[in-house]
Amino acid sequence: MKLIVDTDKCQGSGECAKLCPMDAIVITAGKAVINLDKCDLDGICIPACPSQAIHFLEE
Ligand code: SF4
Numbered sequence: 000m001k002l003i004v005d006t007d008k009c010q011g012s013g014e015c016a017k018l019c020p021m022d023a024i025v026i027t028a029g030k031a032v033i034n035l036d037k038c039d040l041d042g043i044c045i046p047a048c049p050s051q052a053i054h055f056l057e058e
């Protein structure tokens, strides 16, 4: 399992990055980028996104 950002939906609001307890998200070129080495998959960022751009992805 991992998290992915749908870059078509992401508006770069940064709401996910503000809430991430692991400091795993940065906004780069107007899009959220998740550092999967830091992410602990708590899912806090998913409802935080006003654009519904963050999703779990089964691997
Ligand atoms: S799932 Fe949790 S740790 Fe991972 S990027 Fe989202 S808020 Fe951060």
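For the sequence shown, numbering that gives the first Met the number 0 begins at 0 and goes up steadily by one. Even for Gly, the Cβ is constructed at its ideal location relative to N, Cα and C. Predicted, not measured: the structure shown is a model, and the values here were computed from it.
The C-beta of Ile-3 has fewer than 16 other C-beta atoms within 10 Å across all chains shown, which makes the residue exposed. Non-local beta-carbon contacts of Cys-15 in its own chain, meaning distances under 7 Å to residues more than five positions away in sequence, involve Ile-24, Ala-31, Cys-44, Ala-47, Cys-48, Ile-53 in chain order. Between the ligand SF4 and the CB of Leu-56, the shortest heavy atom gap is not smaller than 8 Å.
Between the C-alpha atoms of Lys-17 and Thr-27 there is a straight-line separation of about 14 Å.
Check the Cα spacing between Leu-40 and each of Ser-50, Gln-51, Pro-20, Gly-13: the tightest is with Pro-20. Judged by beta-carbon spacing, Leu-56 lies beyond the 9 Å limit of Lys-8, meaning their Cβ atoms are not closer than that value.
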